Structures are given as structure tokens and as C-alpha cells.
Amino acid sequence: MHPTALTILIMLLAILICFTMSSWFMPIGGILLILQFGAASCAILYSRSNGLLAALIGAVSFNFLFTQPQFSIRMENIEDIINMATFVVVAFVTSEFTTFYQKQQKALRVAQMQADILRSVSHDLRTPLASIIGSMETLHEYSTNLEESEKTGLISGALQESKRLHAYIENILHATKIQNDLLIAARTPTDIERIFSDLESRFNTSRLEIFVLVSSPTIIASEPLLQQAIYNVVDNALKFSQDKVLIHVTDTEENLKITVKDNGCGLPNNDTEAPFQLFSSSRKGDIGKGGIGLGLNVARGIISAHKGTIQLRNTNPGCKVIIMLPTINEPAS
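Position one of the sequence shown corresponds to residue 726 (the numbering used here), numbered consecutively onward.
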């Protein structure tokens, strides 16, 4: 329901309560307090304009229903003028305090997120960097003494760790954008088969099987962001499963459905929401397979930006991720 309609509804409910209580000899001060509380609530819940509208409704109804002469709008004395002004001032001040509080809370969340990122990524950024530096130093110092196969192994390892580092940084950037409401999906017609072909090339593993069975070859989406979201989900599935990970892609007239199924350890206590929380990780300190707890959080943010949904389900063994994306939409301007 629209905030304006809700504001009117709240004030009508407050007026009804006051009118009922007035018949039980509620003092005029109590009626004034209830109406002012209604106006303040609208200012807190919605916006300054809704608060001022609620204040106007409260002031007029108070004058019309509860002051003498009753059932007429008159301001014959200073008390009526003060009551009207009080409603407006209460609504305005409340909305200003609410706006200030929300800004402070947002700033606090940003500061907390920055602190969490610095604390959480130290291990995950340091490990691939150390591996890359070690490989390159070995190649530089002992190049003449190494076999070609050893050189190739060092270069391949450094390249793999570079890709891992790049994925961490991409997720950190996306998480920051999501937390600050800066994630804007510039949507264009995107080839579905190309997305999964690129995904298969990026992982380059026989443990990944992809079945794309769609009637429409394209979807309106931000291709880089959608690729990142699906990559995070599949990377998570491969990380927690030693068996094959199956991806099925189907569509209807309204939705594209992407299912990622693994045969891993599943979700502890069947908690399907915890993995989506920022910095939620199964790793204890430096032990375990979990990452820094950004991947699925970022994936949900990107899918939500596309007006879609992402869900986790335990399947015993393993778990299943179901992504639903709307296919009936227009490219973003």
C-alpha cells in the first residue's frame, strides 16, 4: 500500500480511538497526545511530507471533533493556534530526527563493513599473493636450473592464484556497492549459452556438467554482474563437493531457472539463510574450505538487482541453489 494511504489510515485509526475514548471521559490532553503520537509515527515510518500530512489531519480533526464549538473548524483562541502549531512542529522535528538517525545508522554500517572487510580478507588476500610471489621469485632466481615442466607448473600456479585473487577483489567491490545501495544493473540482451560457456571455460574442470535447455536464447540482464553471481554460486558448490556439480538451465515465458546441485556436506541445521549473510563462513580461523563469506551475499545482491530470487535447499546429500530471473523486462535506460 502507498505510504500516503497508510498515513491516512493510521490517522483515521487514531481519530477512531480518540473518538471512542472521549465517550469514556478521556481528558482532552490524552486525545491530543494520541493524535500527536499518530503524526509522529507517520513521520518516523514514512517521510517528512507524510508526517506533515498526518499532522494536518490530526490538527483539523482535533479542532473539528474535540474542541468547542464541536463539529466546526474555528480557531477562536490562542490555545487552538498553539495546538495546530504543535502538531506541525512535532511532525517536522520527528522527521528530522529520523532522517538524522538513519544517516548515522548508514554511516555506522559502512564503517562496520569496512572494519569487517579489513579483518576478514587479510588471510584470503595474503595467501594467493604469497603463492604468486613465491612462484615468480623461484622462476626468476632458478630459471636456468628448472625443467620446462617445472616452469610451466610455476606459471600455471601463479595464474590460478591470480584468478583467485581477482575473484576475491571483485566480490569485495560488489559487496561494498551492495551495502551502499550503489549496485546498478545496466541491463541489455544477454546470450544465455555464452554465459555458461564462459563459466565452463573459467572453471575448466571435469567435475562441472552444464545443461542449457532454453527456448529463448537471450535474457535482459547485466552480463558481467550475472556472470559474477553464477560464478560465486558454482565456485561455492565445487568447493564443498568432491563429486560432480550439475547445472540445469531452463526457462518459461516469465522466468529463467538456474539450478546448481552438489553432493557435498549440505547445510548445518538446515539453515538456508546463514550462507547468504555477509562474512558468513564455515571456516574456523584458517581451517576449513570456506572463504571470507562474500560470494553468496554478493550473488543474492546481484540477483535481487535483476528482480530475481535465489534460494538454498538441503537435498541430502549436498544442497541445491535455485535462481529465478524474470525474462519479461525491458533494457534499463
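C-beta atoms are modelled at their ideal positions from N, C-alpha and C, and glycine is treated no differently.
Note that the structure is a prediction, hence the values are computed from the model and not measured.
*asked:* Taking the beta carbon of P853 as the centre, do at least 16 other beta carbons fall within 10 Å, making it buried, or is it exposed?
replied: buried
*asked:* Checking 9 Å against the spacing of the C-beta atoms, do L1050 and I935 come in under that value?
replied: no
_Residue nearest to N929 in terms of C-alpha spacing, selected from A836, V970, R851 and V815_ = V970
*asked:* Between the alpha carbons of M746 and P752, how many angstroms are there, rounded?
replied: 9 Å
*Locate the beta strand (DSSP E) running through M1049, then write down its first and last residues.*
C1044 to P1051
*Would you please state the rounded distance, in angstroms, between the beta carbons of D996 and Q952? I believe it to be under 8 Å.*
28 Å between Cβ atoms; not a contact.
*asked:* Within 8 Å, do at least three Cβ pairs link the stretch 1019-1031 to the stretch 951-967?
replied: yes
*Between the stretch 782-794 and the stretch 818-826, do at least 3 Cβ pairs fall closer than 8 Å?*
No: the two stretches stay apart, fewer than three of their Cβ pairs being nearer than 8 Å.
*Straight-line CA distance for A1024 to T732?*
If I take the Cα positions, the gap works out to 35 Å.
*In angstroms, rounded to a whole number, what distance separates the CA positions of E895 and L781?*
50 Å
*Note down, one range per segment and in chain order, each beta strand (DSSP E) of at least 3 residues found wholly within the stretch 934-1021.*
943-946, 970-976 and 980-986
*Could you check the C-alpha separation between A832 and L898 for me, to the nearest Å?*
18 Å
*Check the C-beta distance from A1084 over to F812 and give it rounded, since I have them as a contact under 8 Å.*
With the chain covering only 726 through 1058, there is no way to say anything about residue 1084.
*Got a sec, what are the start and stop residues for the beta strand (DSSP E) I798 sits in?*
In the DSSP assignment, I798 falls outside any beta strand (DSSP E), carrying neither H nor E.
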